[in-house]
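Below is one structure, written out as structure tokens; comments come after it.
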Amino acid sequence: MEIGMYEKEVEDKEIREIAERILPDTSFGKIYRICEQYGEEEADCREYDVYKLVTPEGDRMLKKADKREVSNYEKYLKQKDFCVPKFYGRWDDGADIWIMLESIEGNDLRDMTDELAKAAAKSIVQIQNAFWNHPDRERFEVYLERISRRLACIKDEPEIGEAYGLFFERQKTCHRTLSNGDFLEFNVIDKNGQVFIIDWGFGGIMPYSLDLARFIAHATEDRATFPFYMNDEQKRLFLNTVYENLVEKLDYEQYLYDIKLAVLNEYVEFIEADEDDDRWYYNHARELAREILAEKEGR
Numbered sequence: 001m002e003i004g005m006y007e008k009e010v011e012d013k014e015i016r017e018i019a020e021r022i023l024p025d026t027s028f029g030k031i032y033r034i035c036e037q038y039g040e041e042e043a044d045c046r047e048y049d050v051y052k053l054v055t056p057e058g059d060r061m062l063k064k065a066d067k068r069e070v071s072n073y074e075k076y077l078k079q080k081d082f083c084v085p086k087f088y089g090r091w092d093d094g095a096d097i098w099i100m101l102e103s104i105e106g107n108d109l110r111d112m113t114d115e116l117a118k119a120a121a122k123s124i125v126q127i128q129n130a131f132w133n134h135p136d137r138e139r140f141e142v143y144l145e146r147i148s149r150r151l152a153c154i155k156d157e158p159e160i161g162e163a164y165g166l167f168f169e170r171q172k173t174c175h176r177t178l179s180n181g182d183f184l185e186f187n188v189i190d191k192n193g194q195v196f197i198i199d200w201g202f203g204g205i206m207p208y209s210l211d212l213a214r215f216i217a218h219a220t221e222d223r224a225t226f227p228f229y230m231n232d233e234q235k236r237l238f239l240n241t242v243y244e245n246l247v248e249k250l251d252y253e254q255y256l257y258d259i260k261l262a263v264l265n266e267y268v269e270f271i272e273a274d275e276d277d278d279r280w281y282y283n284h285a286r287e288l289a290r291e292i293l294a295e296k297e298g299r
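Residue 214 in the UniProt record's numbering sits at position 214 of the sequence shown, with consecutive numbering throughout.
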């Protein structure tokens, strides 16, 4: 049984009716539900509240969304021609919110190349430039409370706790912009050489370094944690391409330091969640913490 995402054709009257409410002048053909086979057993399958609908104008994605994802599309992403799925509208029945998006067909970025690293950087920095130093604090305050709890969890851990305290304090003054919130290679699609960023349910105005760090933190040459391949040179290429294209540049050394701090946060997230059976995240967090503390002494 093949592991991964797949589409299952369905005939769902309710889904078709929701689609027609959002786009009443569109003719909808076949409907496919997005599913995932995540294990070897037949029962190891998830069916998502996400549907691909065939139309004469191209495929559309209908998905159940939370208020944050709807807000990100309506307040920010539909403003310009960003490398994200086009937003066609929503339907709120009082219990659930459904949104209609462009279907982006292509491969995700689990198998990184130099060209994809640069393309991903250009897609994310376009969005960062558009909302650099945006004043909205609602999502940021939720995030700040979350990492405050994480600090309380890790603060007594030698070296890691001290370095995480530096991360926490820096978040209060770090430049903020629109962030995807889950900028992993699974949520980035290569469509004919152009990279599109999908799934904005965790996004909002947050420190700029978070998305950049998440993109590189879990990708390794041996796919040790997630099934994402990325070597050190591709990580440098990604980060340097973002920096080169930032309209309002900060000091380059500060930029790299911000990302190191945010990578530490990625590692600590998995330690806190007790999802580190082989201590990969703990060992890498300790090594990075030592590097951060040494750099602090040299500043």
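Even glycine gets a Cβ: it sits at the ideal position worked out from N, Cα and C.
All values reported here derive from a predicted model rather than from experimental measurement.
For residue i, tell me which candidate among the options has the shortest Cα-Cα distance.
i: glycine 298; options: Ile216, Asp278, Gln254 and Arg16; result: Gln254
i: serine 209; options: Leu261, Ile197 and Asn129; result: Leu261
i: arginine 223; options: Trp280, Glu162 and Lys118; result: Trp280
i: isoleucine 124; options: Ser103, Phe82 and Phe270; result: Phe82
i: asparagine 129; options: Arg170, Glu244, Arg286 and Asp276; result: Glu244
i: isoleucine 18; options: Trp98, Gln126, Leu178 and Asp278; result: Trp98
i: isoleucine 3; options: Glu42, Glu11 and Asp66; result: Glu42
Return the chain-ordered list of same chain residues with a C-beta closer than 6 angstroms to the C-beta of residue i, the five sequence neighbours on each side being excluded.
i: threonine 26; result: Thr55
i: glutamate 36; result: Met5 and Arg46
i: tyrosine 32; result: Glu7, Glu9 and Lys52
Where residue i and residue j are concerned, what is the direct C-alpha to C-alpha distance, given to the nearest angstrom?
i: threonine 241; j: leucine 250; result: 14 angstroms
i: tyrosine 164; j: leucine 151; result: 7 angstroms
i: tyrosine 229; j: valine 195; result: 17 angstroms
i: phenylalanine 167; j: asparagine 283; result: 18 angstroms
i: isoleucine 216; j: glutamate 20; result: 40 angstroms
i: arginine 290; j: isoleucine 160; result: 8 angstroms
i: glutamine 234; j: threonine 173; result: 29 angstroms
i: leucine 237; j: tyrosine 267; result: 22 angstroms
i: glutamate 14; j: valine 84; result: 27 angstroms
i: tryptophan 91; j: lysine 118; result: 36 angstroms
i: phenylalanine 28; j: proline 135; result: 40 angstroms
i: leucine 116; j: leucine 178; result: 21 angstroms
With a threshold of 16 other CB atoms inside 10 Å of the CB of residue i, please say whether the residue is buried or exposed.
i: alanine 120; result: buried
i: asparagine 133; result: exposed
i: glycine 39; result: exposed
i: lysine 155; result: exposed
For residue i, which residues in the same chain have their Cβ closer than 7 angstroms to its Cβ, ignoring the five residues on either side in sequence?
i: glutamate 185; result: Asp108, Leu109, Arg110, Ala219 and Phe228
i: arginine 170; result: Asp258 and Leu261
Leaving out five residues before and five after residue i in sequence, what residues of the same chain have Cβ atoms less than 8 angstroms from its Cβ?
i: asparagine 192; result: Gly106
i: lysine 30; result: Glu9, Leu53 and Val54
Exercise for the section: May I have a chain-ordered list of the beta strand (DSSP E) segments no shorter than 3 residues that lie completely inside the UniProt domain "Aminoglycoside phosphotransferase" (65 to 222)? Expected result: If only complete runs of 3 or more residues are kept, the UniProt domain "Aminoglycoside phosphotransferase" (65 to 222) shows the beta strand (DSSP E) at 87 to 92, 97 to 102, 176 to 179, 188 to 191, 194 to 197 and 204 to 207, in order along the chain.
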